[in-house]
Every structure is written in C-alpha cells, then in structure tokens.
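Reviewing the structure listed below.
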C-alpha cells in the first residue's frame, strides 16, 4: 500500500508540474505581445525586436512592431527617451509583416512593422542605457514597448579600443622622458639658467620682437574663421569673400564661441560702426548696446577707460588684420613678461627657472581652452604687484612717479576684466603673497613721502578711470544686475564638486582636443597638472626649517589650504560673502590654483632634497591621486581614457613629483612643458586675419534704404544660432537679434511679452528666431530659454507680424520661402547663397524714448 501511495503521490506531482508548464506555455504563446487593455474589447500589441547604436551619427536604430487590434491601426508616431531624456524620432518608416497578418487574421496588420532612428543631441558614453519608446495611435491610445521578454528596453555601448592618438602620445612622451633621463647628469640645464640670467633684458626684447613680428604678419589663433569664413572656400552667405580668414594650420574651434561669436564680432562691429568705436553701438537691437560692459579683453571704445584695456589698443592705430593679431597675442606676451618679472623680483637668483615656470603657466590647457583670457586676467595684478614693490624700493622720484601712473592704469584694467570668479581668487592669492613678501622684506623696503605720494597718485588715477567708466556704463550695469542670469545668482560657498575634478587637468593631454562624450565641454574640462603633494611637502619643510623664504611659503600654504577647503568641503555662506568668494563657483578655482603652483615651482630651493625613500612614497601618493582622478571620474565626464593613456599620464606624474622632490626641478618643469605643448598644439588654429570685413554686394542691395544710399535697414535673421546675425553685425549692418548682455526693453515691449515669461527673457542672451506654423500664442510666437544664456523665439511664419520686432528686412534659409511668402507683412526681395530676403511692411512701434521708466523685465 505504501508503494501505491508513493506512486500516486509522484503521479500527482508530475501532473501538477505538467499542468503548470502547459499553462505557462499557453500564456506565453497567447500573450507574446506587450498588451494594454483600456476596456475588455480594446487590445494593443507590440514590442521592440532589436536596437543598435551608431556612434558616428549618435543615433539608435530601432526595429519592432505595434498594432491596435480594435481599430485595426498601426502606430503613427513614437515618443522616445534615453535615460529619461527625450530624443528626436527620425527616419520612421513602416515595414511589411506577413507574420502579423497571419497571427491577427487581418490584412490591416501588414504594415505594423516599423524602423526608426532615435537621434541623441550628443554622443552617448559607454555603458548600459535605458531606452523608453511609446507607440502612439490615431485614437489617442498608446503603448510603452518592451522586449519580447517583457523586460524594459536597454542597450549597451562598449568602450572603444585604444585610440591611435594615445599610442602617438605615449610614443612622444617616452622619447621625451628618455631625452630627459639621458641628459640627467648633464649640466645643460645649469648652462641654460646661467644664459637666461645673464641675458634677461635681451630675452625680454626678443619676446617683444616675436610679438611685433606676429602682429605685423596679422597672424592669429582666433577661431573667427567660423564667423567670417575661409579664403578659398565658400564664405559666409552675407559677407564679401575678402572678409574671409586665410587659414594656415589646423581647424577653428567651435567651443570657443564666446571668442569668435561674441568678442570678435563685437570688436569688428565697433570698427565698422559710423562713427567708429561708439559707447552705444546702435547696430544691435532697437536700443543699441553699451560696449563698455564687455569684459575680459573688451572691445575698442573711444572712451578714457580704454587706456586700461591694452588688448584693444591695436584697433585704434593699426590696420584691422594687425589689430586682430594684437588682440589675440597681447594676453600671452604681457602675462609671460609680467609673471617672469615678478618671479625675478621674488627670487632674483633663479631667472632661468622663473622664465620656465612663467612659460609653463602661459602654455597651460586652461589658458588655451579659455582663449587666453585667464592670462589677461593674471597680467594686471601681476604687473601691479611688481610695480608696487619696485615703488617701495626705488629712490629716484621720477622712476617712482611714472610707475605710479602705470600702476593706476593697471589697477583700473584689472577691475574692468568684469569677471569676479577669476578676479576675486587671483586677487586673494596676490594679497596673501604680497603681505608675506612685505613681512619678509620689511627691513629692505623704503617708505618716504614720494612712495606715499606715488601710491596716492595710483589710487586716484584708478578711481578716476573707474568713475569715468561708471558714469557711462552705470545704466547697463544696473540692467545686468537686475537679470536672472548672471545678475541674480545664488550665493556660493564651495563644496559642490567632486574632489576628482580637481585633477581633471591630468587628462587635458587628450581631452582638450578630443573630449567628445561628456557633460562638460573642452573649455570647462581644461585645467592644470597639479603636483600638489610634492609642493605641499616643500612648503611644510620650508616653514619648519625657517628657510630663506619661509614667509612666502607660509602665505602660499595658507592660501592653497583655504582654496582646497573651499573646493572640497565648502565654507559658511556668511564667511564666503565676507571675503567676496560667494561669487566663485568651485570650477573657477583652477586659475588661482594653477597660478599658486607656478609660484611654488619658483620658490622651491635646490638645497633641500628629500631622501630617496621619502621621495618614492610622496611621488607614489601623487601618482595614486592622479590615477584615481582618471579611473574614478564619472564616465559621463570623460569616457575615452584608455589604459595606455592612463598609464602614460600617471608615469609622468610620478616622474615629475619624484624629480621635484629629488632636486631635479628643471627636468620636472621640462616634462610638464612638453605635456602642455602636446595638449595645446593641436587646439590652436593658425590663420591670417582679414584686412577688412564688409557685406557682400548682392546682400547690400537687399538691405539698403534706397539705391546708392549708405544707410541700411535693420535685419532680423531666422537661424538656430547667432552666428549669422553676428556676422552681419560685425560688418556694420543693423540687426535685431544676436548676443545681448542685457535685455532690450523696447523689443520685448513691442512683442507684448507676458508677465509669466519675464524671467525667461531677463538674462544675458543669445537671441535666435526659428519658424514653426503651430504656435497657439495669439501673437503668433512662443518664447523659451533652451539654455541658461539663450532665448529662442518660435514664430508662426504665416501670421506673425514681423514689424513688431522693429525689423525692416528679414532673411531666412530658402527652405522657408513658401511659408514666408504667404505672410502679408513680407515682400520677397530675392535669394542669395541659399538665403531668401524680404522687406517687412512697416507699422508703428514703440521707440526707446517712449519707454522711459518701463520695468518690463525687472
């Protein structure tokens, strides 16, 4: 009986298992489609069969099918997201699926298959990504699609193989290291140092001679070719071919858009304005723009404050080609000479190393990534500190007084940089070092009535220049302060970035020219190779041993410690406000950190050499920090770091740190300079600037007030970017849109901007227009801000009243020809190089004078 009972038990288990398997199989075969049931008779099916990422086009090719069985319809559209971000649906097409006809028993399912491409706005980084795709049908029903398994759709991107450029870089670095090791015991570095020390004045004049030669040839590293075009190729559609740039080497860099799409066209617009160099340039917007508020190198303005903007001097007395060259190269040579001079004042016995350290700073990727504006920022306080110390040491009253006048000009120039994150941090560093130097040299400094008079003259002159500037720039500055961006930023107090980003400069050998897949751009990711461990060791040892320059090292250590604390941990908001660091984002501390490390390289004494074991340990720690910064940095920041590249960089970091600690400072600086040159040499385009920038003759016919008239109509440009309107502006053509440092009250008032959209337009902005015939706004337009510094107006081409913009002429790509011809406000004038031109029928608009006191965008 027990046998039969067991047999019955096993039979029951078998049949239960069999029933379970059959049930599952039946469920799978009858429900192998994603299904949503809104009601019992409504069935929607579909799934994704395959997807494949194409890195060349930054798109995902998706294959699948979707069918609504109740209404006998296929999907007509798809909503796609990748990692939660919407992406464009392109190249959607249906495919024949006879298998679905057989399954559903209806010919309506024959076109239920589909293929489409999901195009991302930027390349995706390696790793696994989430794909969300929803099929939409014509009865407002929809279905999120999954894989056959029912799992959410995902796809993976494999890390690329080691790029060829990494092998090339590794080879060059190997040769460089081999050369340095071969000459390790040679006295070549000592001889170079002696030569530099004995020929300081000759070398300084040689550097000035190189600057003069480059300027006389009109050579520039600007990317303005992207605005003006290249000789030999089709130029921009609006400018004469003589306005094009003659390219010599390498391609221009689109990432430098603040330089070629903002600074350069504003400078050119000042030259081509009638009369030239106005305070208010009337050719941009209905109200014009105050050109005194443009910071960094600035633009030429016929104003007393221009004496403190030496980068613009070339526009006043040189031909345009040479003026553009002066504008580009002045920051490099001025900073190099000023920094070398100051280091020679601090450490006069090491002029050769001082020159090398100064060159290292000027060659850094951070300077290249930001169009040398960091160098221009550093030039003013460097030269000012140099002159201040000289004034306190000299006896000749005439030498004192002429330096006091230059000092006043330099102090005003530093104030007119108008970029607080760099100004505050660099000024803090110099204040700390200057105070340390005063303490160290207190017995050698000579203060008398001429000294105090000189400082008084410098202060008064600086105040006078800033006062004159403020009188004419006050209203524009107030308008900028009232903006959402950049005027009303939240108070910052640091501690908001990963410490790994502090070492991102170690990747610049690759990222400056090849950062393709990242949440950062090349400029934002540029920095310095920070050898912080050996330099901290030097500072602590020098202070402990009370070396010759222990006070300078004390000031350096205090500043660097505070900077690192601010970066990694943050400080109380009240304290940040008290020292004005509340305007400093953590990612803008690189300039002060790089400059402080430059000073430290100059401060290092030959006398102290760490024991070999200690040097290996400290160099190893420095290498491990660099290694962590390269392999643990988020992949969405930097994704192409091959093992070969990481190994090459960390070996260089180890060697530079070890050499520094062992007293081989020249070799360490030489290797660092070689790395910086490798990083930046391919980033700088080299070209000859144009002699003139003027409008094409055919375009001139469209914008003239009347035949043979030199007066031009104001143009509105339909384009996704501001490059086209800014090229017109650069040539002296009045435009409606472009780049504005503060909102145009008149323009937004005429468009009857809604109160709810004030914050959208109240910002520094790249103002663009695009056409779309589906706008619901009663005025035929919609406004949005696609980026922090951008405002885009989307217009209904057929019914928007273009006269409300104040435009007298409109130009747009020819693809919009039919839509714009149907607008009763426009009269087609003709076409030229892919662009169509229209006259705008005039209507009464509000003039700026009618808006006095209007706070539309406050």
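Residue numbers (the numbering used here): 81 to 938. Yeah, the Cβ is synthetic: ideal placement off N, Cα and C, and Gly gets one too.
| query | Among 145, 156, 157 and 199, which residue has its Cα nearest to the Cα of residue 176? | reply | 145
| query | Taking the Cβ atom as the reference point for each residue, do residue 343 and residue 451 lie within a distance shorter than 9 Å? | reply | yes
| Validate contact between the segment 723-733 and the segment 243-251 using beta carbons, cut 8 Å, 3 pairs | yes
| request: Mind reading off the beta-carbon distance from residue 546 to residue 492? Whole number of angstroms is fine, and I expect it under 8 Å. | output: 6 Å
| message | Just verifying my parser: in three-state terms, what is the DSSP assignment at residue 829? | response | helix
| query | Smallest Cα separation from residue 964: which of 515, 301, 480 and 788? | reply | This structure leaves residue 964 out entirely; the chain is present only between 81 and 938.
| query | Could you give the C-beta distance for residue 325 and residue 395, rounded to a whole number, given that I count them as a contact under 8 Å? | reply | Not really, about 17 Å apart at Cβ, beyond 8 Å.
| Taking C-beta to C-beta, are residue 874 and residue 830 nearer than 9 Å? | no
| request: With DSSP collapsed to three states, give me the class of residue 103. | output: A caution first: residue 103 carries a pLDDT of 45, below 50, which makes its placement in the model unreliable, though a value can still be read off. Helix, per DSSP.
| Residue-chain proximity (residue 512, chain C), Cβ-Cβ < 9 Å | The question asks about chain C, but that chain is absent: this structure has only one protein chain.
| field | Buried versus exposed, by CB contacts within 10 Å (16 or more), residue 98 | value | No answer about residue 98 holds up, because its pLDDT of 43 lies below 50 and its placement is not dependable.
| field | Rounded separation between residue 876 and residue 852 - CA only | value | 5 Å
| field | Spatial neighbours of residue 512 in its chain, beta-carbon cut-off 8 Å, leaving aside the 5 residues before and after | value | 635, 636, 638 and 639
| task | Excluding the 5 residues preceding and the 5 following residue 333 in the sequence, name in chain order all residues of the same chain whose CB lies nearer than 6 Å to its CB. | result | 303
| field | Contact the segment 595-602 vs the segment 679-696: 3+ CB pairs below 8 Å | value | no
| Contacting residues, own chain, Cβ-Cβ under 8 Å from residue 671 (five flanking each side not counted) | 446, 454, 457, 458, 502, 505 and 506
| request: Measure the CB-CB distance between residue 573 and residue 653 and report whether it falls below 9 Å. | output: yes
| Would residue 624 be called buried (16 or more neighbouring beta carbons within 10 Å of its own) or exposed? | exposed
| request: Please classify residue 561: is it buried, with 16 or more other beta-carbons within 10 angstroms of its beta-carbon, or exposed? | output: exposed
| query | Just the Cα atoms here: how many angstroms apart are residue 806 and residue 341? | reply | 7 Å
| Among 152, 194, 158 and 198, nearest to residue 186 - alpha-carbon criterion | 152
| task | Tell me, please, which residues DSSP counts as bridged to residue 565. | result | 843
| Beta-carbon contacts of residue 912 that lie in its chain and below 8 Å, excluding the five residues immediately before and after | 317, 776, 778, 779 and 782
| request: Taking residue 449 as the reference, give the member of 588, 385, 439 and 137 with the closest Cα. | output: 588
| request: Indicate the three-state DSSP secondary structure (helix, strand or coil) for residue 299 in the structure shown. | output: strand
| message | In the DSSP output, which residue or residues are listed as bridge partners for residue 230? | response | For residue 230, which the question treats as bridged, DSSP gives no partner whatsoever.
| field | Of the listed residues 835, 702 and 657, nearest to residue 586 (C-alpha basis) | value | 702
| request: Return yes when the Cβ of residue 666 is within less than 9 Å of the Cβ of residue 581, no when it is not. | output: yes
| C-beta contact flag for residue 154 and residue 198 at 9 Å | no
| request: Sort 220, 138, 311 and 712 by Cα distance to residue 124 and report the nearest one. | output: 220
| query | Is residue 596 helix, strand or coil by DSSP? | reply | coil
| query | When the Cα of residue 382 is compared with those of 375, 361, 828 and 217, which residue comes out closest? | reply | 361
| Skipping 5 residues on each side, what residues in its chain have a beta carbon closer than 7 Å to that of residue 675? | 441, 458, 506 and 509
| query | Using 8 Å as the threshold, is the segment 729-739 in touch with the segment 693-710, meaning 3 or more CB pairs across them? | reply | yes
| field | Range covered by the beta strand (DSSP E) that runs through residue 168 | value | 168-175
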